[in-house]
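Asker: Chains as they are written, first to last, in the numbering used here: chain A, 42 to 251; chain B, 104 to 590. In this text, a Cβ means the ideal position worked out from N, Cα and C, and glycines have one as well.
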Ligand code: B12
């Protein structure tokens, strides 16, 4: 159906009104909620990712696309049956204890959401116990930690230790990021992955959940 | 008159007349900031600050504080319009007033370019030592910051160790950063030991300390504790938001100014509530989030414009001004770093900002570089010649000499030339002005190579005036005390 392209295009353009209108038309025409998600909404987002990577789109444009996706999802989500797994996976994320920087972490959150992930954002200055609790409560596949200070990077290790101690370390993949963080540091503390930007963070999550 | 001046827009020589905002525009920004404080208010995460604000009749709702404009206006009036910073020996050196501009390195880069190997690695205490030595030697670096956040000592004491390193290796005024009040106390103790007493330090302060709110409109406990501690002690505090346009602030420069000024003025108000007349240095600086790489760019023209506009607003408010320049997004000292730094330095000096830091930043503020610092020293020299302007009086108009030489005359041997050239012409120390042949014979060195050589030469040869042995020992003891505390 041609209208799926129209919906994907509206996502790509970040046109919220158009996404809402087209989604409703498609539903009226008998398209299933799952088709709308996969062939329209996420298909649109799949144009955005590569374009951004190629330097043809800017972050605020990606954000508008993500917002449009969210609005479309709001309409179809209640209609999806439990078996229609649209969430690609659940990610718990936060800025570690002692650290107040959150611009980068927030970007990662938005990009993950736009990729269909269910994201639980714990905010800033998150102590190890809170990460542990969140793992128990939300059962995520991935835990993400952000740190922008060399001093608070140590809290990443402490959080990993707390997760091991609480016996929940093995049930999740842990990824880390933030300007001073490196792949080498991730290896040192035994994290499962590192990404240097939000797009790579999304790809990393997809890869780890596999 | 010397060739290089610290003062732009000087009355006698009205050459540099640089502003990006009119007084009317400054007033609009101030009014927008006052409106933000009255309407939206700020979150204040400090009980002491909350009670000070409550007592002053602010509208307090939990941690949210809304501030009547009249309180801010009063604080602007009670804050001193000038701050003087001394050198380590108590000589009054930096007059943060009028259009005087002073330059120094920035703080807290996690990485450093190793001056020997040129390699990028984690910052160590020796880097703070080297930064102090090189800054001490450079004629156009007026104050010193550590240019790093060291990782080879107890991490929680990086601030204290860096200050210890700087105090021992330069006599120039210092600007420091700390994590919290405990470290700040150590630093003030070290400075008091050098000055002889806290009173002596207060009389002739050679240090200003830095603290920043979590913009937009949120003031952390640590940031406020530091601010109140310094205000109580009557020591200069720099309280400035680090805004990212399109990230933590509106993407529009006017919007970023409005919210940044609002955050800064909360600091000003608290400093004045704590102690009327406490010295306060302000600004509303920031730069754009690069919308492709998601990095905070220092080299962007909007970064320069934001800093220039902030400078105009604080001139308008008559409050001593913090700013930045000499910081590049480039990972190495190269053509990009030179062009970004040159523009920043020129613009900040033209505008007459007072304390201009971040000289020596590379890699979007992630890596400190002594080569960048040394290259910028040369740029500052050049810019200072420029802001010195054109002297116009009888001697400089030189009508007599022109008459003497007459048509077809030459000035090479004229006494007038001999008398004036040193004051009129700035002489470079790094820029190449040789003939092609001479340049080739001397090894075809690029600017980069000459800069690297100069860094090495300074590190090999320059010996800053040492501290008296008993004072140095006291500093070591204070660091040891801090080590015991965190153990
Ligand atoms: C903005 C900023 C602030 C703001 C933060 C506002 C906010 N709401 O976040 C304020 C002003 C509050 C601030 C405060 C401080 N800051 Co600051 N700050 C910065 C600055 C300029 C930009 C950071 C930023 O937002 N970048 C843009 C974002 C988009 O990039 P990002 O965070 O790196 O995120 C990307 C990737 O890293 C990755 N990513 C991020 N998180 C995650 C997580 C996962 C799981 C993954 C996979 C990926 C990932 O994806 C993101 C998107 O691409 C940096 C300089 C710099 N170049 O980083 C300094 C910097 C980080 N700050 C620094 C310092 C020292 C401080 C202070 C201690 C200063 C002080 N003395 O008061 C305080 C500390 C407060 C605290 N306890 O946290 C230093 C750190 C030095 C060091 N050795 O660690 C830096 C490097 C500046 C410098 N050179 O001095 N800061």
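Have a look at residue 581 of chain B and residue 575 of chain B and give me their C-alpha separation to the nearest angstrom.
Answerer: Those two C-alpha atoms are separated by around 10 Å.
Asker: Within 8 Å: the Cβ of residue 280 of chain B and any heavy atom of the ligand B12?
Answerer: Residue 280 of chain B: yes, Cβ under 8 Å from the ligand B12.
Asker: Fully enclosed by the region 350 to 427 of chain B, which alpha helix (DSSP H) runs are 4 residues long or longer?
Answerer: Entirely contained in the region 350 to 427 of chain B, the alpha helix (DSSP H) runs reaching 4 residues are, in chain order, 356 to 377, 404 to 420.
Asker: Can a CB atom of chain B be found closer than 9 Å to the CB of residue 145 of chain A?
Answerer: Residue 145 of chain A counts as touching chain B.
Asker: Taking Cβ-Cβ distances shorter than 8 Å, what residues in chain B pair up with residue 99 of chain A?
Answerer: Here the neighbours are 394, 395.
Asker: Which one or two residues does DSSP pair with residue 208 of chain B in a beta bridge?
Answerer: DSSP output for residue 208 of chain B lists B/462 as bridge partner(s).
Asker: Going by the beta-carbon positions, is the gap between residue 237 of chain B and residue 476 of chain B smaller than 9 Å?
Answerer: Yes; because the gap between Cβ atoms is below 9 Å, this pair is in contact.
Asker: Which residues, in chain order, does the region 256 to 276 of chain B contribute to contact with chain A at a C-beta distance below 9 Å?
Answerer: So the list reads 258, 259, 261, given in the order they occur along the chain.
Asker: What's the C-alpha gap between residue 215 of chain A and residue 273 of chain B?
Answerer: Going from the Cα of residue 215 of chain A to the Cα of residue 273 of chain B covers about 45 Å.
Asker: Is any non-hydrogen atom of the ligand B12 found closer than 8 Å to the C-beta of residue 342 of chain B, if you look at the structure I gave you?
Answerer: The answer is no for residue 342 of chain B.
Asker: Among B/213, B/271, B/313, which has the Cα closest to the Cα of residue 219 of chain A?
Answerer: Among B/213, B/271, B/313, the Cα nearest to that of residue 219 of chain A is on B/213.
Asker: Which runs of the beta strand (DSSP E) at least 3 residues long sit entirely within the region 455 to 512 of chain B? Give them in chain order.
Answerer: Qualifying beta strand (DSSP E) stretches, in chain order: 458 to 462.
Asker: Confirm the yes/no value for this check: CB of residue 193 of chain A, any heavy atom of the ligand B12, distance under 8 Å.
Answerer: The answer is yes for residue 193 of chain A.
Asker: Across which residues does DSSP place residue 327 of chain B in a beta bridge pair?
Answerer: Note: residue 327 of chain B sits in no beta bridge, so no partner.
Asker: State the Cα-Cα distance for the pair residue 285 of chain B and residue 330 of chain B, rounded to the nearest angstrom.
Answerer: If I take the Cα positions, the gap works out to 13 Å.
Asker: Does DSSP put residue 104 of chain B in a helix, in a strand, or in coil?
Answerer: Because the pLDDT at residue 104 of chain B is just 41, under 50, the model does not fix this residue reliably, and the value given afterwards should be weighed accordingly. Reduced to three states, the DSSP call for residue 104 of chain B is coil.
Asker: By the criterion of Cβ-Cβ separation under 7 Å, what are the contact partners of residue 248 of chain B in chain A?
Answerer: Chain A residues near residue 248 of chain B: none, gap ~17 Å exceeds 7 Å.
Asker: May I ask you to report which of helix, strand or coil DSSP gives residue 568 of chain B?
Answerer: Coil.
Asker: Within a Cβ cutoff of 6 Å, which residues of the same chain sit near residue 350 of chain B, ignoring the five residues on either side of it in sequence?
Answerer: The residues are 392.
Asker: Excluding the five sequence neighbours on either side, which residues of its own chain have a C-beta within less than 8 Å of the C-beta of residue 116 of chain B, listed in chain order?
Answerer: Because residue 116 of chain B sits at a pLDDT of 48, beneath the cut-off of 50, its placement in the model cannot be relied upon, and the point is left open.
Asker: From this set, B/506, B/234, B/464, B/472, which residue's C-alpha is nearest residue 565 of chain B's C-alpha?
Answerer: The shortest C-alpha separation from residue 565 of chain B is found at B/234.
Asker: Please list the terminal residues of the continuous beta strand (DSSP E) segment that includes residue 514 of chain B.
Answerer: Taken as a continuous stretch (DSSP letters only), residue 514 of chain B belongs to no beta strand (DSSP E), as it is neither H nor E.
Asker: Using CA coordinates, which residue listed in B/323, B/355, B/383, B/317 is at the minimum distance from residue 336 of chain B?
Answerer: Considering only alpha carbons, the answer is B/383.
Asker: Would you call residue 162 of chain B buried or exposed, if buried means 16 or more other Cβ atoms sit within 10 Å of its Cβ?
Answerer: Residue 162 of chain B should be labelled exposed.
Asker: Can you give the Cα-Cα distance for residue 181 of chain A and residue 434 of chain B, rounded to whole angstroms?
Answerer: Looking at the two C-alpha atoms, the distance is approximately 37 Å.
Asker: Residues of chain A with a CB under 8 Å from the CB of residue 469 of chain B: which are they?
Answerer: Simply 220, 221.
Asker: Would you say residue 238 of chain A faces chain B, with C-beta separation under 9 Å as the test?
Answerer: Yes - at least one Cβ of chain B is within 9 Å of the one on residue 238 of chain A.
Asker: 9 Å is my cut-off, CB to CB: does residue 148 of chain A come that close to chain B?
Answerer: It does; some Cβ of chain B falls within 9 Å.
Asker: Excluding five sequence neighbours on each side, which residues of the same chain lie with their C-beta closer than 8 Å to the C-beta of residue 145 of chain A?
Answerer: Hits under 8 Å: 187, 189, 218, 219, 220, 239.
Asker: Quick check: is the beta carbon of residue 141 of chain A nearer than 9 Å to any beta carbon in chain B?
Answerer: Yes, residue 141 of chain A lies at the interface with chain B (some Cβ there is under 9 Å from its Cβ).
Asker: Take every Cβ of the region 142 to 162 of chain B, pair it with every Cβ of the region 308 to 326 of chain B, and state whether three or more of those distances are shorter than 8 Å.
Answerer: Verdict: yes, contact present.
Asker: Contact criterion: CB-CB distance below 9 Å. Does residue 246 of chain A meet it with respect to chain B?
Answerer: It does not: the Cβ of residue 246 of chain A has no partner Cβ on chain B nearer than 9 Å.
Asker: Considering just the uninterrupted stretch of the beta strand (DSSP E) at residue 129 of chain B, what are its terminal residues?
Answerer: It is not in any beta strand (DSSP E) - residue 129 of chain B instead sits in the alpha helix (DSSP H) that spans 126 to 142.
Asker: What are the partner residues of residue 162 of chain B, as DSSP defines its beta bridges?
Answerer: The partner list for residue 162 of chain B (beta bridge, DSSP) reads B/169.
Asker: Please report the distance separating the alpha-carbon of residue 503 of chain B from that of residue 459 of chain B.
Answerer: Distance between the alpha carbons of residue 503 of chain B and residue 459 of chain B is about 42 Å.
Asker: Distance, Cα to Cα, residue 266 of chain B vs residue 512 of chain B?
Answerer: The straight-line gap from Cα to Cα measures roughly 58 Å.
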